[in-house]
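Undergrad: Numbering (UniProt numbering), first residue to last: 1 to 103.
Encoded as structure tokens, here's the structure I'll be asking about.
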């Protein structure tokens, strides 16, 4: 399994996303899976796999939270959470999405 956190340098939510993602992987018994930190500094560096703003979590080159709202801009991303829009999914949302993706 390949896991990537795609982010821009000044994203205020990247470290929280990284912590929640690694915690979710550990909870699901995949603590050995590394999370590749992909820093996007120019639009040309945006992964072909997709980018919907920072942070974007990719698992096997697919967005863990798919959306039709792709962007080629170096911008932040909003996620729908139980508490309203937020810059990062909740830990439970990440766990659920990983569980669903992994089968």
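All C-beta atoms, glycine included, are put in the ideal place defined by N, C-alpha and C.
Check each candidate in 86, 76, 65 and name the one with the smallest Cα separation from residue 98.
TA: Locating residue 98 in the chain shown gives position 98, counting from the first residue. Per the Cα distances, 65.
Undergrad: Which same chain residues end up closer than 8 angstroms to residue 12 when comparing Cβ atoms and leaving out the 5 residues on each side of it in sequence?
TA: For the purposes of this step, residue 12 is identified with residue 12 of the chain shown, where counting begins at 1. Same-chain partners within the cutoff: 76, 87.
Undergrad: Out of curiosity, what's the CA-to-CA distance linking residue 21 and residue 72?
TA: In the chain shown, residue 21 corresponds to position 21, counting from 1. In the chain shown, residue 72 corresponds to position 72, counting from 1. For residue 21 and residue 72, the distance between alpha carbons rounds to 24 angstroms.
Undergrad: Secondary structure at residue 38, three-state DSSP: helix, strand or coil?
TA: For the purposes of this step, residue 38 is taken as residue 38 along the chain shown, with counting starting at 1. If DSSP states are grouped into helix, strand and coil, residue 38 belongs with the strands.
Undergrad: What does a CB cutoff of less than 6 angstroms around residue 101 pick up in its chain, not counting 5 residues either side in sequence?
TA: In the chain shown, residue 101 corresponds to position 101, counting from 1. These residues qualify, in order along the chain: 59.
Undergrad: Could you check whether residue 1 and residue 35 sit closer than 7 angstroms to each other, using their CB atoms as the reference points?
TA: Taking the first residue of the chain shown as 1, we reach residue 35 at position 35. Taking the first residue of the chain shown as 1, we reach residue 1 at position 1. No, Cβ-Cβ distance for residue 35 and residue 1 is not below 7 angstroms.
Undergrad: Between which two residues does the beta strand (DSSP E) holding residue 4 run?
TA: By one-based count along the chain shown, residue 4 stands at place 4. Looking at the DSSP string, the run of the beta strand (DSSP E) that includes residue 4 is 3-8.
Undergrad: What beta strand (DSSP E) runs, 3 residues minimum, are completely inside the UniProt region "Disordered" (78-103)?
TA: Within the UniProt region "Disordered" (78-103), the complete beta strand (DSSP E) runs of at least 3 residues are 79-81, 84-86.
Undergrad: Output needed for residue 90: all residues of its chain with C-beta closer than 6 angstroms, excluding positions within five of it in sequence on either side, in chain order.
TA: Counting from one through the chain shown, the residue named residue 90 turns up at place 90. Excluding positions up to five away in sequence, the list reads 81.
Undergrad: DSSP three-state call for residue 59: helix, strand or coil?
TA: Mapped onto the chain shown, residue 59 falls at position 59. Residue 59: strand per DSSP, three-state reduction.
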